[in-house]
Amino acid sequence: QVHLVQSGPEVKKPGASVRVSCRTSGFTFTAYYVYWVRRAPAQGLEWLGWINPNSGVANPAPKFQGRVTMTRDTSINTAYLEMRSLRSDDTAVYYCTRGPPISVTFAAFDVWGEGTLVTISS
Amino acid sequence: ELVLTQSPGTLSLSPGERATLSCRASHSLSSNYLAWYQLQPGQAPRLLIFEASTRAFGIPNRFSGSGSGTDFTLTISSLEPEDFALYYCQYYAGSPYTFGQGTKLEIK
């Protein structure tokens, strides 16, 4: 069974950085893109970027370029999202989700992690 | 830039009733890469529908999707208690993988 298990909640001060992990199981980690999405309080869902776990190539959404880094460790089938220079409006639940197979261009996000609450507060 | 507008913002219905959720695109979508997701508090989001009308694996057949171009609909034929949740549509044909702002389906 496919699972994405995320790290626990975080509380950070403005200007700090946070790293969220997403441990996968039940499928070949290097065969699927991993996407990151967030949902801020009373807001909709927002795409943050994707990483190709096979090559390590990552593509942050334009809005987050320079502030978001996505990496992976193939030895433990885990993807990571790091966000820097945190602001209060970065308070949100951050989700990892399985994207399309590497060989496929477009596919819906079929399996999601349970989310990691990141709270930015001074 | 694509905008997906979902309506209504909140839908109040009773179990057993039929729910119709709308997702309207700001311009005609060139492909039917339109998905619907369900969000329950404290749970992982769940993919319900992809390619506008195909049910994802394990999704009950009371959920159905339809539409093309600018107008898409998620229909729940007879609401079960576990269906009261948040619903989002998404166009996943590349960056920025736009989501709608969501519809909250609440118990009347």
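Sequence lines, in order, name chains A and B. Here the first sequence stands for residues 1 to 122, where the numbers follow the working numbering. Here the second sequence stands for residues 1001 to 1108, where the numbers follow the working numbering. No residue lacks a Cβ here, since even glycine has one placed at the ideal position from N, Cα and C. These numbers were taken from a predicted model, which means no experiment stands behind them.
Would you kindly check if the distance between the Cβ of V68 of chain A and the Cβ of E82 of chain A is under 8 Å? The Cβ atoms of E82 of chain A and V68 of chain A sit closer than 8 Å to each other.
Inter-residue Cα distance where the pair is L1029 of chain B and E10 of chain A: Cα-Cα distance, rounded: 38 Å.
Going by the beta-carbon positions, is the gap between S1068 of chain B and N1032 of chain B smaller than 8 Å? Yes, they are a contact pair.
By the 7 Å beta-carbon criterion, what residues does the region 1035-1061 of chain B contribute toward chain A? Within the region 1035-1061 of chain B, the residues whose Cβ lies closer than 7 Å to some Cβ of chain A are A1035, Q1043, A1044, P1045, L1047, F1050, A1056, listed in chain order.
Counting only C-beta atoms, is Y1087 of chain B closer than 8 Å to chain A at any point? Taking Cβ atoms only, chain A never reaches closer than 8 Å to Y1087 of chain B, which makes this a no.
Just to confirm before moving on: does the CB-CB distance between N59 of chain A and I102 of chain A stay below 8 Å? No, they are not a contact pair.
How is T97 of chain A classed by DSSP in three states: helix, strand or coil? The answer is strand: DSSP assigns T97 of chain A an E or B state.
Contact between the region 1070-1079 of chain B and the region 9-24 of chain A: three or more CB pairs below 8 Å? Output reads no: the region 9-24 of chain A does not touch the region 1070-1079 of chain B.
Hey, out of B:R1062, B:G1042, B:S1007, whose CA is closest to P1015 of chain B's CA? Across the set B:R1062, B:G1042, B:S1007, the C-alpha of B:R1062 shows the shortest separation from the C-alpha of P1015 of chain B.
Could you tell me which residues DSSP pairs with L48 of chain A in its beta bridges? DSSP lists no beta-bridge partner residue for L48 of chain A.
Jot down the residue ranges of each uninterrupted beta strand (DSSP E) in the region 1009-1035 of chain B, minimum 3 residues, whole runs only, in chain order. The beta strand (DSSP E) runs of length 3 or more contained entirely in the region 1009-1035 of chain B are, from start to end of the chain, 1010-1013, 1019-1025.
Taking the DSSP output, what are the residues bridged to I1107 of chain B? Partner(s): B:L1013.
Near E1017 of chain B, what residues of its chain come up, given a Cβ to Cβ distance below 6 Å and the 5 sequence neighbours on each side ignored? Taken in chain order, the residues that qualify are L1079.
CB of G80 of chain A within 8 Å of CB of T74 of chain A, strictly: According to the sequence provided, residue 80 of chain A is Tyr. The question's Gly does not apply to it. No; because the gap between Cβ atoms is not below 8 Å, this pair is not in contact.
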